[in-house]
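In case it helps, the working numbering puts the sequence shown at residues 9 to 226. Ideal Cβ positions, reconstructed from N, Cα and C, are used throughout, including at glycine. In what follows, a single structure is set out as structure tokens and then discussed.
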Amino acid sequence: MQIVATIDRTKCEVFRWSYELSVPKKLALAIGIAGLTGLLAQTRIPLPWSPVPVTGQTFAVLLAGVLLGRWWGGISLAIYAGLGAAGLPWFSGWSGGLGYLAGPTGGYVIGFILAALFLGHFTDTYIRSRGFLSMLALMLFANFVLIYVPGLLLLGLWLKSVGGSVTFATLLGMGAIPFIPGDITKAVMAAALARGITPKSAYNGEVDKGKWTNWRLP
9 MQIVATIDRT KCEVFRWSYE LSVPKKLALA IGIAGLTGLL AQTRIPLPWS PVPVTGQTFA
69 VLLAGVLLGR WWGGISLAIY AGLGAAGLPW FSGWSGGLGY LAGPTGGYVI GFILAALFLG
129 HFTDTYIRSR GFLSMLALML FANFVLIYVP GLLLLGLWLK SVGGSVTFAT LLGMGAIPFI
189 PGDITKAVMA AALARGITPK SAYNGEVDKG KWTNWRLP
């Protein structure tokens, strides 16, 4: 038990240290997460029936808010979207440019920012959210609602703009159903990693500080 407590104190000090970093250092970390997202975006499996490929980047997206907190996690994905739109070729398939965000996958990139803000908020605010099951539930919500909804909306608009058939079944078949197994797998992996690296004690004025002293997080 003493070893476990020591490890948790160490993790707590690391997270507290990261939250007290200067803005330039936080910006450097945010750029690092943006770069990791861009790197994992190149792990892609094209689907012959869909303009949306299977990629690995959502793994980094789900961890951005956990590692950097709400605002800097969101900023890291905003950097990813902004620099990519400006022409940096780190979108999926080594693509870049404003046209990418207006294309069939642009909505998912916008959803990345929302997901990082959401997960960062809960990680910052609630100790209870750092348990595996709690984090998995939050990550699944972020993935299937905050990322999928804007992704499907912009995919539908893109299909309509190119004269394609736009039905709810078409959207699900192109932009949701093929990705569900992989996204669940990535969420499980990300939640397990988050459970292992986040402290189970307060480091940032959490609202449930002291309420879960005797609660073993799953």
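- DSSP, reduced to helix, strand and coil, places Val60 within a strand of the structure shown.
- For Ser100, the three-state secondary structure derived from DSSP is coil.
- In the displayed model, Leu76 falls within a helix according to three-state DSSP.
- The closest CA to that of Thr66, considering only Thr133, Tyr88, Arg138, Trp79, is found on Tyr88.
- Ala110 is the residue among Thr51, Leu85, Ala110 whose C-alpha sits nearest the C-alpha of Ser169.
- Checking the DSSP bridge columns, you'll see Leu55 partnered with Ser58.
- Per DSSP, the continuous alpha helix (DSSP H) segment holding Ala42 begins and ends at 31-49.
- Taking the CA atoms as reference points, Gly43 sits about 35 Å from Thr175.
- For Val196, the enclosing alpha helix (DSSP H) stretches over residues 188-205.
- Its Cα nearest to that of Leu96, the residue Ile39 stands out among Lys33, Pro32, Ile39, Asp216.
- Taking 8 Å as the cut-off, the beta carbon of Gly92 is found no closer than this to the beta carbon of Gly81.
- In this structure, Pro158 and Ile118 form a Cβ contact; the two beta carbons are roughly 5 Å apart against a cut-off of 8 Å.
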